[in-house]
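Chemist: To start, I am sharing the structure in question, which I have written as structure tokens.
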Amino acid sequence: MEVPFTQGPVGRASYRQTLPLEPGEVVLTFDDGPMPRRTPAVLEALRTECVKATFFVVGTMVAEFPDILRRTAAEGHTIATHTWSHAYLNRQRSRNVQRDQINGGLVAARTVLGQTDPALSPFFRYPGLGHTRALDGYVAAQRLIPFSIDVDGDDWRRITPEQVVERVLARLDARGKGIVLLHDIQPRTVAILPELLRRLKAKGYRIVHVVPAAGDTRLALNAVEEPRARRIRLALDRLETREFQRVASAGGSFVPVTTAPARVVRVASAGDEALALRPALPDSVTPTPTGHAWVDPVHPPAPAAVARAEAPSASSTAPVRPALAAPNLPAGERPATQPAAATRADRAGADTNRGRETDHAGFVSVSLLTGQGAGFQEIRLRR
Ligand SMILES: [Zn+2]
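First residue of the sequence shown: 1, per UniProt numbering; consecutive thereafter.
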């Protein structure tokens with residue numbers, strides 16, 4: 001079932017409306033993961049019954065266990081978010097904290113899955129289902145869909161596993177359908193899930209897989225406000241570095257020439273020009289289309305895309321080892337060799353008085369001149 005942004009908030013526990021489910025239809029949701037052993041066990045149980053669920057993941061858990069998130073997405077489940085660190089937003093006065101929490105979960109999932117993973121959704125669940133009108137307003141502005149519940153599995157309460165099964169079934173029987181809340185981090189949930197799924201099936205319930213509407217996730221990602229709290233930034237930066245190293249070491253045709261990873265965080269284009277960037281490849285490596293691992297997917301490269309790192313004339317020592325490669329340059333503008341491109345980036349990372357390079361918070365901004373000559377674009381490289 002596709003759940004478009006226009007559907008608005010869903011779930012009777014928090015809102016007047018819920019998903020337009022038919023009688024007997026059930027949406028399974030699992031909160032608070034990913035977690036080793038338990039989430040994989042949940043995945044195993046779901047696979048056995050050939051059903052798909054939605055996982056509302058917590059940013060800190062994603063940062064700790066990215067492989068499990070990747071596996072969950074790869075197995076076809078929907079990935080939704082549940083804040084950065086499970087803060088109860090309705091009890092939180094600071095708008096900065098609320099903003100960082102709401103965005104942080106999505107940024108963590110985006111960092112691991114990439115911007116274009118079809119599993120990633122704009123579905124968002126408040127910890128403890130604690131929402132306010134103001135929070136709902138902000139969440140909507142971020143193009144996220146508040147996703148509450150119809151049936152609480154109570155698997156977080158201190159009850160026996162059997163009681164979880166009984167409560168879910170009794171509450172579903174009373175409603176006839178609905179969004180069910182469970183937690184993939186709870187041992188009792190892991191213990192009863194195979195049985196719960198069998199009994200749901202035996203009773204004639206059908207598990208419905210909810211997915212985002214085309215383009216909705218992209219809009220939510222475009223609206224992301226990057227978390228600003230130092231602690232969250234550091235954790236996300238570490239996660240991003242780990243992801244870079246994982247991709248770099250896994251990709252056959254994609255080889256970084258430096259141990260200090262380069263990364264493209266944001267390419268803010270003044271015009272419509274697409275910009276293709278990637279870490280420099282050694283001369284011995286031929287770039288392939290799939291080797292463009294660090295092309296900003298928000299601005300995918302057009303065939304005619306032209307970009308070159310502007311080379312400041314004055315430079316001192318180079319704090320930046322990663323290099324920018326500029327594909328598709330007209331012959332005259334092409335850097336002679338990849339090492340030359342690396343030198344350019346090194347220079348660009350150094351302080352100059354051109355006012356186009358700024359050094360801040362552990363990043364170096366490099367100005368780029370597009371082929372169309374329109375405006376500058378900022379790229380941030382890790383030192
Ligand atoms: Zn939760």
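A virtual CB, placed ideally from N, CA and C, is assigned to each residue, including glycine.
1) Are F124 and I102 touching if we call contact CB-CB under 8 Å?
2) On the DSSP bridge assignment, give the partners of D31 in chain order.
3) At which residues does the alpha helix (DSSP H) containing I102 begin and terminate?
4) Any beta carbon of chain C sitting closer than 8 Å to that of G104?
5) Identify, in the order they occur along the chain, each residue of the same chain with its Cβ nearer than 7 Å to the Cβ of P20, setting aside the five sequence neighbours on each side.
6) Using DSSP's beta-bridge definition, name the partner residues of E25.
7) Less than 7 Å between the CB of P127 and some heavy atom of ligand 1, yes or no?
8) Assign A87 to one of three DSSP states: helix, strand, or coil.
9) On the DSSP letters alone, give me the boundaries of the beta strand (DSSP E) that I79 sits inside.
10) Using a Cβ-Cβ cutoff of less than 8 Å, which residues in the same chain neighbour R238 once the five nearest sequence positions on both sides are dropped?
11) Give me the DSSP bridge partner(s) of G178.
12) Would the segment 60-77 and the segment 200-207 be scored as touching if the rule is three or more Cβ pairs under 8 Å?
13) What are the residues that DSSP puts in a beta bridge with P161?
14) Would you report the Cα separation of Q17 and V139, rounded to the nearest angstrom?
15) Tell me the DSSP secondary structure of G11 in three-state form.
16) How far does the beta strand (DSSP E) with P122 in it extend, from its first residue to its last?
17) On a Cα-Cα basis, can you pick out the residue from E49, D136 and R95 that is closest to S14?
18) Take the Cβ of M1 as the centre, count every other Cβ of all protein chains shown within 10 Å, and call the residue buried at 16 or more, exposed below.
19) On the three-state DSSP scale, how would you describe P194?
20) Go through its chain and collect everything with a Cβ distance to T83's Cβ below 6 Å, but skip five positions before and after it.
21) Identify which residue in R70, F244 and A174 has its Cα closest to the Cα of V26.
22) Hey, how far is the Cα of N90 from the Cα of S148?
23) H131: beta carbon under 7 Å from a heavy atom of ligand 1?
24) Note down the Cα distance separating L329 from R246, rounded to an integer number of angstroms.
25) Under 7 Å Cβ to Cβ from Q186, same chain only, skipping five residues before and after it: list those, please.
26) Less than 8 Å between the beta carbons of D150 and H86, yes or no?
27) Please work out which residues of its chain come closer than 6 Å, Cβ to Cβ, to C50, disregarding the five sequence neighbours upstream and downstream, and give them in chain order.
28) Give me the Cα-Cα distance between T290 and T116, rounded to the nearest whole angstrom.
29) Can you tell which of A191, A119 and G24 has the C-alpha that lies nearest to the C-alpha of A53?
30) Since F55 and D184 are thought to touch, with beta carbons under 8 Å apart, how far apart are those beta carbons, to the nearest angstrom?
31) According to DSSP, is D173 helix, strand or coil?
32) Please state the DSSP three-state secondary structure of F244.
33) D152 by DSSP, collapsed to three states: which one?
34) Determine, using beta carbons only, whether L69 and V112 come nearer to each other than 8 Å.
35) In three-state DSSP terms, what is V139?
Modeler: In terms of the structure at hand:
1) Cβ distance < 8 Å, so F124 and I102 count as in contact.
2) In the DSSP secondary-structure assignment, D31 is bridged to F56 and H183.
3) According to the DSSP assignment, I102 belongs to the alpha helix (DSSP H) that extends over R95 to L113.
4) Among the protein chains of the structure shown there is no chain C, as only one such chain exists.
5) Excluding five sequence positions before and after P20, none of the CB atoms of its chain fall closer than 7 Å to its own CB.
6) DSSP lists R206 as the beta-bridge partner residues of E25.
7) Because some heavy atom of ligand 1 lies under 7 Å away, the Cβ of P127 counts as near it: yes.
8) A87 carries a coil assignment under DSSP once its states are collapsed to helix, strand and coil.
9) From DSSP, the beta strand (DSSP E) with I79 extends over T78 to T81.
10) Taken in chain order, the residues that qualify are A63.
11) Beta-bridge annotation (DSSP): G178 is paired with V26.
12) The segment 60-77 is not in contact with the segment 200-207.
13) BP columns for P161 are empty, so no partner.
14) Distance between the alpha carbons of Q17 and V139 is about 17 Å.
15) In the structure shown, G11 falls within a coil segment according to DSSP collapsed to helix, strand and coil.
16) Where P122 is concerned, the enclosing beta strand (DSSP E) stretches over L120 to F124.
17) If you compare the alpha carbons of E49, D136 and R95 with that of S14, the shortest gap goes to D136.
18) So M1 ends up on the exposed side.
19) Under the three-state reduction of DSSP output, P194 falls in the helix class.
20) Listed in chain order, the non-local C-beta contacts of T83 below 6 Å within the same chain comprise Q101, G105 and P127, local neighbours out to five positions each way being set aside.
21) The shortest CA-to-CA distance from V26 to any of R70, F244 and A174 is the one to A174.
22) Spanning the two alpha carbons is a distance of roughly 14 Å.
23) H131: no, Cβ never under 7 Å from ligand 1.
24) No answer about L329 holds up, because its pLDDT of 36 lies below 50 and its placement is not dependable.
25) Hits under 7 Å: D155 and W156.
26) In this structure, H86 does not lie closer than 8 Å to D150 by Cβ.
27) Contacts found: none.
28) Unreliable placement is indicated for T290, whose pLDDT of 29 sits below 50; the coordinate value is still reported in the next sentence. Straight across, the Cα-Cα distance linking T290 with T116 is about 14 Å.
29) Nearest C-alpha to A53: A119.
30) A Cβ-Cβ distance of about 7 Å is found for the pair F55 and D184, placing them in contact under the 8 Å criterion.
31) Looking at D173 - three-state DSSP - the assignment turns out to be helix.
32) DSSP, read as helix, strand or coil, puts F244 in helix.
33) DSSP places D152 in strand when its eight states are reduced to three.
34) Against a cut-off of 8 Å, the Cβ pair of V112 and L69 comes out as a contact.
35) Secondary structure of V139 (DSSP, three-state): helix.
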